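As given, the protein sequences belong to chains A and B, one line each in that order.
Numbering-wise, this note's numbering puts 150 at position 150 of the first sequence, and it's gapless, one number per residue.
Numbering-wise, this note's numbering puts 1192 at position 192 of the second sequence, and it's gapless, one number per residue.
Backbone N, C-alpha and C fix where the C-beta goes; we use that ideal spot for every residue, glycine too.
Just so we're clear, the structure is a prediction, and the values are computed from it rather than from any experiment.
There are 2 protein chains.
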Amino acid sequence: MKNLTVRQSEILTFISDVISNEGMPPTRKEIALKFGFKSANSAEEHLKALDKKGYIDLHGGTSRGISLNKPFLGIPIVGSVAAGSPLLAVENVEERIEFNGNIFSDSVDYFLRVKGDSMNEVGIVEGDLIAINKRKDVKPGDIVVARINDDVTVKTLFHLDKRKVILRPENKNYKDIEINPAVENFDIEGKCLGVLRNYN
Amino acid sequence: MKNLTVRQSEILTFISDVISNEGMPPTRKEIALKFGFKSANSAEEHLKALDKKGYIDLHGGTSRGISLNKPFLGIPIVGSVAAGSPLLAVENVEERIEFNGNIFSDSVDYFLRVKGDSMNEVGIVEGDLIAINKRKDVKPGDIVVARINDDVTVKTLFHLDKRKVILRPENKNYKDIEINPAVENFDIEGKCLGVLRNYN
DNA sequence: TTTTTTACTGTATAAATAAACAGTATGAAA
DNA sequence: TTTCATACTGTTTATTTATACAGTAAAAAA
């Protein structure tokens, strides 16, 4: 996929926002207005660039005839995470799902497919998709995605300070995980906003 | 809410379909084409009727300026079910959520808010929303919504024939429910397609 | 029975919109 | 150094689109 310029990226985001908020894509004039272009043709040329690079499809002769290109739409589902790679690296994204936001309490950056039974007692089971919001500021009680020495795990955060982190599995067959972030490589990847499970 | 005529309902459905499939609302001409109207004005008048009845909002002077009215959109969430009332009766619908379909394996007719812990061992816990598809043809192994003598319950279907139905709670503290549909009032309301849980 | 609503055809037009063409200017790539 | 891509302004035009007005006809409501 070809890279977008900053401006092109802004315009792509704007189109996506307008579709979400207004229920229809913007016109060239509306794009020009938003970015302060004095000519609608500026918008036209950005659209052509986005089309050429494959991010949108332009439907000739149609008002508001802009559609976002599916493969780059939707929320990524992160499956198995290769050790050491960023969660959202392309090789970890198993697919994307169309999803419009108003369901969870915050915006969903990605879904993570759950492995294992360590969170069974709070109703998170193998194969579930958990909705994740990328953030570092989590508090005890939150279910978090954490990275410990290149290993990604989902647990309830029980305690967090500079010298000690305690992650609690929600299954009595497992023990608490205690980490010294000064010694071990530890990072909070995000907060779990909810669960999505699809039978069959 | 005022009732729609058959034609108006067809047109509302078409608008909704076009938005889903094309990513933008149709023009008057496109509506006329779809229904075989020889004049775009026929579409215009139907739109005005739908606007007047509150089902859509028309944005004057804007191409494709049709938006569906939120309160009638989205998938209903059924909360507590009043004894004897149809599940989808207005008094049982606690709210609606925007939701676009491609997530579950079949279309979601409504979400049911889970009460109690009888399905805990398969990860369905109190407060969860379960996605339901209205259908009668369910098979053993399916998680179903059933009505037993005006009581609505969610269980795994274990056995089903004309003389005996066995519903199985997924929690060892509960016993199987055995029903004789010839004697008791029993009905399958739908099949559970999946689970949606929102923390906080 | 009269009025209103529904459901259309047919015509017309102002405004919205897409999109081409002609420029200017800058920075990056070949 | 020349070409190409980016990022604009400014103008123009054909087409799309919304939408009003004038009718016809049937069914429903008052």
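Please list, in chain order, all residues of the same chain as residue 1157/B whose beta carbon is under 6 Å from its beta carbon, the five residues on each side excluded.
For the purposes of this step, residue 1157/B is identified with residue 157 of the second sequence, where counting begins at 1. These residues qualify, in order along the chain: 1138, 1140, 1142, 1144.
Test item: CB-CB of residue 127/A and residue 147/A under 8 Å
The residue labelled residue 127/A in the question sits at position 127 within the first sequence. The residue labelled residue 147/A in the question sits at position 147 within the first sequence. In this structure, residue 147/A does not lie closer than 8 Å to residue 127/A by Cβ.
Inter-residue spacing [alpha-carbon to alpha-carbon] between residue 1195/B and residue 1159/B:
For the purposes of this step, residue 1195/B is identified with residue 195 of the second sequence, where counting begins at 1. For the purposes of this step, residue 1159/B is identified with residue 159 of the second sequence, where counting begins at 1. So the two alpha carbons sit approximately 23 Å from each other.
Closest by CA to residue 1056/B, which one among 1164/B, 1011/B, 1121/B, 1172/B?
Numbered from 1 along the second sequence, position 56 holds the residue referred to as residue 1056/B. Among 1164/B, 1011/B, 1121/B, 1172/B, the Cα nearest to that of residue 1056/B belongs to 1011/B.
Along the chain, where does the beta strand (DSSP E) that runs through residue 13/A open and close?
One-based indexing of the first sequence puts residue 13/A at position 13. Premise fails: residue 13/A lies in the alpha helix (DSSP H), 6-22, not in any beta strand (DSSP E).
Determine the chain A residues that contact residue 1039/B at a beta-carbon separation under 7 Å, and present them in chain order.
Here the question's residue 1039/B lines up with position 39 in the second sequence. None at all; the shortest Cβ gap to chain A is about 20 Å.
Do residue 1026/B and residue 23/A have their C-beta atoms within less than 8 Å of each other?
Looking up residue 1026/B in the second sequence gives position 26. Looking up residue 23/A in the first sequence gives position 23. No, Cβ-Cβ distance for residue 1026/B and residue 23/A is not below 8 Å.
So, is the C-beta of residue 118/A closer than 8 Å to a C-beta in chain B?
For this step, residue 118/A is matched to residue 118 along the first sequence. Cβ-Cβ to chain B under 8 Å: no for residue 118/A.
Assuming residue 49/A is part of the alpha helix (DSSP H), what are its boundary residues?
Within the first sequence, numbered from 1, the residue matching residue 49/A stands at position 49. Segment 40-52, the alpha helix (DSSP H) holding residue 49/A.
Could you please tell me which residues of the region 135-155 of chain A, in chain order, have their CB closer than 9 Å to any CB of chain B?
The residues in question are 142, 143.
Cβ pair residue 202/A, residue 97/A closer than 8 Å
Only positions 1 to 200 of chain A appear in the structure, and residue 202/A is not among them; the question remains open.
My understanding is that residue 130/A touches residue 1198/B, with C-beta atoms under 8 Å, so please give their C-beta distance in whole angstroms.
As a first step, residue 130/A is located in the first sequence; it is residue number 130 there, counting from the start. As a first step, residue 1198/B is located in the second sequence; it is residue number 198 there, counting from the start. No, residue 130/A and residue 1198/B are not in contact; Cβ-Cβ is about 11 Å, not under 8 Å.
Scan the region 177-194 of chain A for residues whose Cβ lies nearer than 8 Å to a Cβ of chain B and list them as they occur along the chain.
Closer than 8 Å at the C-beta level to chain B, one finds these residues of the region 177-194 of chain A: 192, 193, 194.
Which ranges does the beta strand (DSSP E) cover as unbroken runs of at least 3 residues, wholly within the region 133-168 of chain A, from first to last along the chain?
List check, beta strand (DSSP E) in window: 143-148, 151-160, 165-168.
Given that residue 56/A touches chain B, what residues does it touch there, using C-beta distances under 7 Å?
Here residue 56/A is taken as the residue at index 56 of the first sequence, counted from 1. Neighbours of residue 56/A on chain B: none; closest Cβ ~10 Å, over 7 Å.
Rounded C-alpha distance that separates residue 1087/B from residue 150/A
What you label residue 1087/B is simply residue 87 of the second sequence in a count that begins at 1. What you label residue 150/A is simply residue 150 of the first sequence in a count that begins at 1. Near 48 Å, if we compare the C-alpha coordinates of residue 150/A and residue 1087/B.
List the residues of chain B that residue 167/A touches, going by C-beta distances under 8 Å, in chain order.
On the first sequence, position 167 is the one that residue 167/A refers to. The premise fails here: residue 167/A is roughly 17 Å from chain B at the closest Cβ pair, so nothing lies under 8 Å.
In angstroms with no decimal places, state the Cα-to-Cα distance between residue 1170/B and residue 1155/B.
Your numbering for residue 1170/B matches position 170 in the second sequence. Your numbering for residue 1155/B matches position 155 in the second sequence. Taking the Cα positions, residue 1170/B is about 7 Å away from residue 1155/B.
Opposing strand residues paired with residue 1194/B [DSSP bridges]:
Taking the first residue of the second sequence as 1, we reach residue 1194/B at position 194. Beta-bridge pairing links residue 1194/B to 198/A, 1131/B.
Would residue 1025/B count as contacting chain A if we go by Cβ distances under 8 Å?
Locating residue 1025/B in the second sequence gives position 25, where the first residue counts as 1. Contact of residue 1025/B with chain A is assigned, a C-beta pair being separated by under 8 Å.
DSSP three-state assignment for residue 1184/B, whether helix, strand or coil:
In the second sequence, residue 1184/B corresponds to position 184, counting from 1. Of the three classes helix, strand and coil, the one that applies to residue 1184/B here is coil, per DSSP.
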